[in-house]
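Structure first, then comments.
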Amino acid sequence: MGAAGMKAITFVTQKGGSGKSTLCISLAVAAQEAGHTVCILEMDRQATISDWLDHRTADGPEVAQIDATHLDLVMERLAESSYDYVFIDTPGIDSSGTLSAIRAADLCIIPCRPTPADLRAFKPTLAAVYRLEKKFAFVLNQTPPRSYRIRDAADGLAVLGILPDVNIVSRTDHQDAIGVGQGVTEYNPKGQAAGEVRRLWSWIERRMQAARPRKASGQDAGKEAGKHAKAA
Ligand SMILES: Nc1ncnc2c1ncn2[C@@H]1O[C@H](COP(=O)(O)OP(=O)(O)OP(=O)(O)O)[C@@H](O)[C@H]1O
Ligand SMILES: [Mg+2]
24 MGAAGMKAIT
34 FVTQKGGSGK
44 STLCISLAVA
54 AQEAGHTVCI
64 LEMDRQATIS
74 DWLDHRTADG
84 PEVAQIDATH
94 LDLVMERLAE
104 SSYDYVFIDT
114 PGIDSSGTLS
124 AIRAADLCII
134 PCRPTPADLR
144 AFKPTLAAVY
154 RLEKKFAFVL
164 NQTPPRSYRI
174 RDAADGLAVL
184 GILPDVNIVS
194 RTDHQDAIGV
204 GQGVTEYNPK
214 GQAAGEVRRL
224 WSWIERRMQA
234 ARPRKASGQD
244 AGKEAGKHAK
254 AA
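In structure tokens form, the structure reads like this:
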């Protein structure tokens, strides 16, 4: 892929602690394991991802801390690079930077814990995403293994937009992996957290492919044609 095929995924919601940085890291590693080249742009001065990188011994993904005012320029440069994906981690407070990160995205991931506070807090994010006409997906994060509360939250979210077929359950693997500079799929490849993240990545990848411009290869053109036939 690379160059013109590069896709940007922005992790965004103004609710602090909902899992933007955690998911950004583990999904970046999962994407890399699936054969893609990934660059992470960290727009949060909290520097969760740079700290993670300090503990990391494995290769990739590339991480750059950037100021919001430089995002457009950095994206222009990246468009000429060979990365398949750029992941953008944003701070847990609304700012003009958040808006430019949404603008730069091909897909916005909105992590959300199944709590009333989180469910309320994503509304301004969603409004911006709609205004900028961006594709988006919610990811229910830190959920209990099973509960009626999740089902309630999931139904609410499904009505509003897009929800993957997998929730990210609250598991210590997420905290432990980040602590040692890994993604969950590296830390405990056979664990349930790893399984959930891999499933989430493949859902995201499918969703990104659906967004790909029509000019692509024969196979894609065929798929597109099928879609148009159906729509007609
Ligand atoms: N699925 C999970 N299971 C267990 N712990 C989790 C999970 N997701 C996130 N956490 C933990 O929750 C805390 C907050 O997560 P994280 O830092 O990713 O949130 P954030 O949205 O980036 O926050 P901020 O808005 O402050 O940047 C961290 O301590 C992280 O380890
Ligand atoms: Mg963060």
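If you read the sequence shown in the working numbering, its first letter stands for residue 24, the second for the next number, and so on. Even for Gly, the Cβ is constructed at its ideal location relative to N, Cα and C.
| So L122 and V97 are in contact, right, with Cβ under 8 Å, and what is the actual spacing, rounded? | Residue 122 sits at position 99 when you count from the first residue of the sequence shown. Residue 97 sits at position 74 when you count from the first residue of the sequence shown. 16 Å between Cβ atoms; not a contact.
| task | Excluding the 5 residues preceding and the 5 following F159 in the sequence, name in chain order all residues of the same chain whose CB lies nearer than 8 Å to its CB. | result | Sequence index remark: in the sequence shown, residue 159 carries index 136 (1-based). If we look at F159 and ignore the five residues flanking it on each side, its Cβ neighbours are L130, C131, I132, I133, L149, V152, G184, I185.
| said: Assuming M256 and A124 are in contact, meaning their beta carbons sit under 8 Å apart, how far apart are those beta carbons, in whole angstroms? | reply: Here the chain has residues from 24 to 255 only, and residue 256 is not among them.
| said: Using the Cβ count rule (16 or more neighbours within 10 Å means buried), how would you classify H197? | reply: Taking the sequence shown and counting its residues from 1, one reaches residue 197 at position 174. Buried, by the Cβ-count rule.
| field | beta strand (DSSP E) segments (min. 3 residues) lying fully within the segment 67-95 | value | 85-88
| request: Indicate the three-state DSSP secondary structure (helix, strand or coil) for I125 in the structure shown. | output: The residue you call residue 125 lines up with position 102 of the sequence shown. Of the three classes helix, strand and coil, the one that applies to I125 here is helix, per DSSP.
| said: Considering only their Cβ atoms, is the gap separating T138 from K43 smaller than 8 Å? | reply: Indexing the sequence shown from 1 puts residue 43 at position 20. Indexing the sequence shown from 1 puts residue 138 at position 115. No. Outside cutoff.
| As assigned by DSSP and simplified to three states, the class of Y108 | For the purposes of this step, residue 108 is taken as the residue at position 85 of the sequence shown. In the structure shown, Y108 sits in a strand (DSSP, three-state: E or B).
| said: So within the segment 143-214, which uninterrupted alpha helix (DSSP H) runs reach at least 4 residues, ignoring any that extend past its ends? | reply: 146-154, 171-183, 195-202, 207-210
| query | Residues in its own chain within less than 6 Å of G40 by CB, not counting five upstream and five downstream? | reply | Locating residue 40 in the sequence shown gives position 17, counting from the first residue. Contacts found: none.
| query | For T33, which three-state DSSP category applies? | reply | Within the sequence shown, numbered from 1, the residue matching residue 33 stands at position 10. Strand at T33.
| field | Environment of A233 [buried if 16+ CB atoms lie within 10 Å] | value | Taking the first residue of the sequence shown as 1, we reach residue 233 at position 210. Flag for A233 reads exposed.
| query | What do you reckon, is the C-beta of D67 under 7 Å from a heavy atom of ligand 2? | reply | By one-based count along the sequence shown, residue 67 stands at place 44. Yes - ligand 2 has a heavy atom lying nearer than 7 Å to the Cβ of D67.
| query | Is the number of C-beta pairs between the segment 75-91 and the segment 196-212 that are closer than 8 Å three or more? | reply | yes
| request: Would you kindly work out how many angstroms separate the C-alpha atoms of D74 and I111, rounded to a whole number? | output: Taking the sequence shown and counting its residues from 1, the one referred to as residue 74 is at position 51. Taking the sequence shown and counting its residues from 1, the one referred to as residue 111 is at position 88. Between D74 and I111, the C-alpha separation is close to 16 Å.
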